[in-house]
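Each number in my numbering corresponds to the 1-based position in the sequence shown with 76 added.
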Amino acid sequence: MKSMNKKNLPIFMSVLITALFFTMIFYFVYTNVQDHYKGYRLISFADAELDVKLFSNEIKQLEMIKEIQTAGGLSEELWSARFQEAMLAIHFQDAGINTMREYSNLIEGRFAEHKREIVISQNLAEKYQLEVGDKILLQVGSRYTGEQVLSPTATYTDKESFKEQENREYTVVGIHGNVYNKYLDISFALTMPEENRKLSPYIRFKDFKAAYQNREQIKEEIEKQLGRRVDLNFSEIMMHYYGVKESGMKAWISTIINIISILFVIFLFVFFVRNIFRVWGLRKAGELSMYKSIGTTNSQIYWLLMKEAVLISLLPILIGHGLGYLLMSGIYYQMQKTMAVDKIVFMEFSLALSAVTLGVALFIIMLAVFAPAGAIAKINIIDGIRGNFYAKSRKRKRYKDLWKELRNNNMASIKSLRYITAVGTIIISCFLIAVGISDYFSEMSFLESDYNINITYKTGQQEVPPVLKEISRHFSEKKAYISRSKYFNMDFEWPLAEEAMASGIDKQLEEYFEGEEKKIEGMLIGIEEEQLNQLGGKKGEFLLRNLVQEDIKLPLAKAKYIRYLDSPSELSIYLSGAEPATKIKITKEITGIGELEEVIRPLEIQIFTDLDTQKELIEGHNKAQSARSVFELKMKVEDSEITDTKDYLEKTLKAGAAFDEQFNLVSGDEIAAKRSIDVRVLLLIIGGIGLVILLLNITNGYACINLSLLSRKREIGSLYSCGMEKEGLIRLYLTEFGAEEIRSIGITALITAAVMLTIDLLSSSISIKVLLLYFPWLFFGVFAVLIYGVNLLIYYFALRNILKQPVVELIRQE
């Protein structure tokens, strides 16, 4: 490797940053692809399943079929077990499923490989301080409430009993992430199935796409192997992942876009780095012309330059790659912490990916050197020794005004900085548009709540759960109310109100229901009689909240509401979206709902009635009645009381919940924290990439400015020799450079606006108004000031250094 001198520092920094950037991007894409695949596999570990029950040895025989990579089985029949005071639901999966679940929520250890090995959930391990290798004695049996046997996954209550059938000792071999809602009070466990137990068979193919195309043939082979007819059901989730239903260009569009994006970024960096090697070549011109004078050919000079450029680039490429990997690892670690994952893993190092990254970085360097090296190789010996390389490499324009001619011809070299700086700023602006869109979607359905505790309660009963009534009475002095929302839709029987027509709601409805039957959707909300009275209604009456968002693309918090329907007196609604229609008479229209908080979704209406009347309507509708009811209790307590209140609510709900009922309890700060996760993760990524682009712009700015001032030395010297003062020269050249900076900002603004307009045209959910509203202007402003401000400082100090030279040297230099 070539030792680095001070003059090669810009090359060192620029090449280092190039390698760092591509390392970050390639490893980000690599980990993102892996996490994307892992996410799909966490939901669907198998490619397909069979609709029969088989013994383990029968399932194993399926692997004899050449297209099948792995076959395994799991049991849908769970065991109930007790460990001390904890209740467990024991699942069963065989070795084949163990193999297929290479991506799982296993935090520590491994899956069970023998019958007396077990995996337990994290909450059980923490509660009883259990570790991998510990032995535990489980009481296996059945749970009862009266004479009724309960499901192993039913909510655990103090009203039930447990009948032990046998004791089994297991060795803990793994700790798994919690599977069940903590309020079920059930712990997950997993072990190997008994040999005589029939299992549901699952399959992983060697090639999913090929297997899907030949599914009928594979089905026949499976039936032949098993000696019975079966249905082979491919996983819808994995079908979506592999895009097997897509055809033609649509199937290749993602790959084409990725290839074009990679090529674009490669040539973008060639454009960035090329100017630095131009400055380097200009400094080498005199030395190489001396070689030429003693018989060195153009070809030899060309390869000499290429070789030296590669050699001086090797060290910064390796350092940049190492730093890029460390930086991306840090970002990946922080992303996992932000997302609060159960198990933080380090970013995987891939030797093949690193080799590709280093190869791409070297390829960029060779392309960047190609043009300067070719031009220098053809240099005239005298011009090269004098340093006139760029004087004759381009055509110069003639002007009547000598100073205008000098300025315009010599300004060409600084114009490349205009585009380089603009490109860097545009890249950041595009990332910031993505941040704005992410922020927009996180706020789209979010409305700041005045209530800070929310309970959702699922039950098979239509009455308000007694435990919710008890809680409501206990906190009667607090702001609280119980409600139940039931979805409905209805045909267009009533025209839109004048305000809605004037705001184009009819067109928004057409877009929303494009290709589908146009219906009005809504929620039938049951509330307590006291709250209904406060809204101006009485028991048995229906109040219509007849409002709609003026612009459905705006988030709820920024939405303006107008009248929706033109004074309907009676509506025919389909509860749960199913027939028969239920007719209800609207008693009055309302706009405000007082202290209640019920969010109106875009293009929806709300009908309020009392809970008893809502119950009667639901009981008269088969489909609505068969669905589980979800009641909601919203409460407002002092911030200092939230923790104690939650503790009380947990105990009360657990004591009052039936075995077939589930509940969830969240506070306002928990909701807000979850909502901001995606935006914070994206900001982490953009922060890392923004730092790289900032450094790259600084090094390229340094190179372009030096190249420009080198080519303008005679012009500067001539003006200086004519009596122009240093400060006057500095003001003149800084003004010219400032004008170039303004042009660069203009280019950035135009292209950013074009990107926003394109998104507005292509997206049905995002408007230009939303993009402008959610664009992080402060972040963008700080970044732009840094880039353009640093360029201005570099230009100022470089110009002062040139003006320190004697006038004779300046005039003689070019």
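Where a beta carbon is used, it is the ideal one built from N, C-alpha and C, also for glycine.
> Of the residues Lys413, Tyr401, Leu381, Ile503, which one's Cα is nearest the Cα of Ile827?
Replying inline: Here residue 827 refers to the residue found at position 751 of the sequence shown. Ranking Lys413, Tyr401, Leu381, Ile503 by Cα distance to Ile827 puts Ile503 first.
> Excluding sequence positions up to five away, which residues of its chain have a Cβ less than 7 Å from the Cβ of Arg819?
Replying inline: On the sequence shown, residue 819 is found 743 positions in, with the first residue counted as 1. Around Arg819: Arg494.
>> So for Lys191, helix, strand or coil by DSSP?
In response: Within the sequence shown, residue 191 is the residue found at index 115, counting from 1. If DSSP states are grouped into helix, strand and coil, Lys191 belongs with coil.
> Expressed to the nearest angstrom, what Euclidean distance is found between the alpha-carbon atoms of Tyr113 and Ile558?
Replying inline: Here the question's residue 113 lines up with position 37 in the sequence shown. Here the question's residue 558 lines up with position 482 in the sequence shown. Their backbone Cα atoms lie some 41 Å apart in a straight line.
>> Output needed for Glu801: all residues of its chain with C-beta closer than 7 Å, excluding positions within five of it in sequence on either side, in chain order.
In response: By one-based count along the sequence shown, residue 801 stands at place 725. Excluding positions up to five away in sequence, the list is empty.
>> Output needed for Ser79: all residues of its chain with C-beta closer than 7 Å, excluding positions within five of it in sequence on either side, in chain order.
In response: If you number the sequence shown from 1, residue 79 lands on position 3. With a pLDDT of 48 at Ser79, under the threshold of 50, the modelled position of this residue cannot be trusted; read the value that follows with caution. For Ser79, where only same-chain residues beyond five positions count, there are no Cβ hits under 7 Å.
> So what's Ala147 in DSSP terms, helix, strand or just coil?
Replying inline: If you number the sequence shown from 1, residue 147 lands on position 71. The answer is strand: DSSP assigns Ala147 an E or B state.
> Can you name the residues that DSSP bridges to Glu597?
Replying inline: For the purposes of this step, residue 597 is identified with residue 521 of the sequence shown, where counting begins at 1. According to DSSP, Glu597 bridges with Asn565, Glu680.
> Between the Cα of Leu260 and the Cα atoms of Ala734, Tyr809, Ile878, which residue gives the shortest distance?
Replying inline: The residue labelled residue 260 in the question sits at position 184 within the sequence shown. For Leu260, the nearest C-alpha among the options comes from Ala734.
> From this set, Met89, Phe855, Met832, which residue's C-alpha is nearest Leu394's C-alpha?
Replying inline: Counting from 1 along the sequence shown, the entry for residue 394 is found at position 318. If we check each option's Cα against that of Leu394, Met89 comes out closest.
> Hey, Pro631 and Tyr516 are a contact pair by Cβ (cut 8 Å); roughly how many whole angstroms apart?
Replying inline: Here residue 631 corresponds to residue number 555 of the sequence shown, with the count starting at 1. Here residue 516 corresponds to residue number 440 of the sequence shown, with the count starting at 1. Indeed they touch by this definition, with Cβ atoms about 7 Å apart.
>> Within 10 Å of its beta-carbon, does Lys562 have 16 or more other beta-carbons around it, so buried, or fewer, so exposed?
In response: As a first step, residue 562 must be located in the sequence shown, where it is residue number 486. Counting Cβ neighbours within 10 Å, Lys562 comes out buried, since at least 16 surround it.
> Could you give the C-beta distance for Ala633 and Glu519, rounded to a whole number, given that I count them as a contact under 8 Å?
Replying inline: For the purposes of this step, residue 633 is taken as residue 557 along the sequence shown, with counting starting at 1. For the purposes of this step, residue 519 is taken as residue 443 along the sequence shown, with counting starting at 1. Contact holds; Cβ gap of about 6 Å.
>> Measuring straight from C-alpha to C-alpha, what distance separates Gln584 and Glu626?
In response: Taking the sequence shown and counting its residues from 1, the one referred to as residue 584 is at position 508. Taking the sequence shown and counting its residues from 1, the one referred to as residue 626 is at position 550. Going from the Cα of Gln584 to the Cα of Glu626 covers about 10 Å.
> Is the number of C-beta pairs between the region 247-259 and the region 216-227 that are closer than 8 Å three or more?
Replying inline: no
>> For a test of the three-state rule: what should DSSP assign to Asn290, helix, strand or coil?
In response: One-based indexing of the sequence shown puts residue 290 at position 214. Here Asn290 sits in coil by DSSP.
> Can the beta-carbon of Val349 be found less than 8 Å from the beta-carbon of Ile440?
Replying inline: What you label residue 349 is simply residue 273 of the sequence shown in a count that begins at 1. What you label residue 440 is simply residue 364 of the sequence shown in a count that begins at 1. The answer is yes: Cβ separation under 8 Å.
> From which residue to which residue does the beta strand (DSSP E) around Ala165 run?
Replying inline: Walking along the sequence shown from the start, residue 165 turns up at place 89. Its beta strand (DSSP E) spans residues 162-169.
>> What does the Cβ neighbour count give for Leu544, buried or exposed, with the cut at 16 atoms within 10 Å?
In response: The count along the sequence shown starts at 1 and reaches residue 544 at position 468. Buried: at least 16 other Cβ atoms inside 10 Å.
> What three-state label does DSSP hand Phe264 in the structure shown?
Replying inline: For the purposes of this step, residue 264 is taken as residue 188 along the sequence shown, with counting starting at 1. If DSSP states are grouped into helix, strand and coil, Phe264 belongs with the strands.
> Three-state secondary structure (DSSP) at His252?
Replying inline: In the sequence shown, the residue the question calls residue 252 occupies position 176. His252 falls in the strand class under three-state DSSP.
> Whose CA, out of Ala265, Asp127, Glu236, Met577, lies closest to the CA of Lys191?
Replying inline: Position 115 of the sequence shown, counting from 1, holds the residue named residue 191. Per the Cα distances, Ala265.
> Given that a residue counts as buried once 16 or more other Cβ atoms are within 10 Å of its Cβ, and exposed if not, what is Glu189?
Replying inline: Taking the first residue of the sequence shown as 1, we reach residue 189 at position 113. So Glu189 counts as exposed.
>> Could you give the first and the last residue of the continuous beta strand (DSSP E) run that contains Phe739?
In response: Numbered from its first residue, the sequence shown carries residue 739 at position 663. Its beta strand (DSSP E) spans residues 738-743.
> Per DSSP, what kind of secondary structure is Glu334 in: helix, strand or coil?
Replying inline: Position 258 of the sequence shown, counted from the start, is the residue given in the question as residue 334. Note on residue identity: the sequence assigns Asn, not Glu, to residue 334. Reduced to three states, the DSSP call for Asn334 is helix.
> By how many angstroms is the C-alpha of Asn243 removed from the C-alpha of Lys258?
Replying inline: For the purposes of this step, residue 258 is identified with residue 182 of the sequence shown, where counting begins at 1. For the purposes of this step, residue 243 is identified with residue 167 of the sequence shown, where counting begins at 1. If I take the Cα positions, the gap works out to 26 Å.
> Cα separation between Phe618 and Gln690?
Replying inline: Here residue 618 refers to the residue found at position 542 when the sequence shown is read from its first residue. Here residue 690 refers to the residue found at position 614 when the sequence shown is read from its first residue. Computed Cα separation, rounded: 10 Å.
> What are the start and end residues of the beta strand (DSSP E) that includes Pro277?
Replying inline: Working through the sequence shown from its first residue, we reach residue 277 at position 201. It spans 276-281 - the beta strand (DSSP E) in which Pro277 sits, taken as one unbroken run.
> Can you find at least 3 beta carbon pairs, one from the region 422-437 and one from the region 122-138, that sit closer than 8 Å?
Replying inline: no
> Per DSSP, Ala829 is paired with what?
Replying inline: Reading the sequence shown from its first residue, position 753 is the one you call residue 829. According to DSSP, Ala829 bridges with nothing at all.
>> Which same chain residues end up closer than 7 Å to Leu687 when comparing Cβ atoms and leaving out the 5 residues on each side of it in sequence?
In response: The residue given as residue 687 occupies position 611 in the sequence shown. Correct list, in chain order: Val540, Arg560, Gly602, Ile603, Glu604.
> In the DSSP assignment, what residue or residues form a beta bridge with Gly217?
Replying inline: Along the sequence shown, read from residue 1 onward, the residue named residue 217 stands at position 141. Ser156, Glu240.
>> Let me check understanding here. Comparing Cα to Cα, which of Tyr408, Leu847, Ser120 lies closest to Cys506?
In response: To locate residue 506, count along the sequence shown from 1; it is residue 430. For the residues Tyr408, Leu847, Ser120, the minimum Cα distance to Cys506 belongs to Leu847.
> Among the residues of its own chain, which have a CB less than 7 Å from the CB of Arg462, if the five just before and after it don't count?
Replying inline: Indexing the sequence shown from 1 puts residue 462 at position 386. In this prediction, Arg462 scores a pLDDT of 48, lower than 50, which makes its location untrustworthy; the coordinate-derived value is nonetheless stated afterwards. Answer for Arg462: no residue qualifies.
> Comparing alpha-carbon positions, which option in Leu771, Ile842, Leu200 lies nearest Gly500?
Replying inline: What you label residue 500 is simply residue 424 of the sequence shown in a count that begins at 1. Considering only alpha carbons, the answer is Leu771.
> According to the neighbour-count rule (16 or more other Cβ atoms, all chains shown, within 10 Å of its Cβ), is Lys235 buried or exposed?
Replying inline: Start at 1 with the first residue of the sequence shown, and residue 235 comes out as number 159. Exposed, since its Cβ has fewer than 16 Cβ neighbours within 10 Å.
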